[in-house]
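Under this note's numbering, residues 7 to 88 are what the sequence shown spells out, in order. Glycine residues also receive a C-beta, built at the ideal position from the N, C-alpha and C atoms.
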Amino acid sequence: MEDIPQPASDPYDPGDSVRVHLGPDDPDSRFHGVRCEVVDRFSDNLDRETGRDSDRFTYRVRSVDGDVLPVEFRHADLVPKE
């Protein structure tokens with residue numbers, strides 16, 4: 007059975023190293039596996055709908071080659087970089 011990486015239990019902070027982890031059917035799956043640094047953290051009220059506190063966070067990330075990715079990712083889409 008494959009070991010599936012899990013997002014951090016706490017919100018990521020700017021400067022944290024993460025890896026994008028998306029399923030093959032996700033419209034942004036081309037970014038799966040990209041190693042990044044968190045640039046900005048934003049919050050909204052999605053957690054009120056889902057009941058999961060971490061769902062309120064989205065992140066802007068920069069790939070290790072220096073480009074800010076054109077997509078903001080939800081907390082569940084990022085895993086700590088190993």
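Taking Lys87 as reference, the option from Asp31, Asp22 and His81 with the minimal CA-CA separation is Asp22. Judged by DSSP in its simplified three-state form, Arg36 adopts helix. For Leu52, the enclosing alpha helix (DSSP H) starts and ends at Leu52 to Thr56. Each residue's CA atom was taken as its position, placing His38 and Val77 some 12 Å apart. Assignment of Asp31 by DSSP, reduced to helix, strand and coil, places it in the coil class. For Glu43, the enclosing beta strand (DSSP E) has its first and last residue at Arg41 to Ser49.
Burial is judged here by how many other beta carbons sit within 10 angstroms of a residue's own beta carbon; Val74 has fewer than 16 and is exposed.
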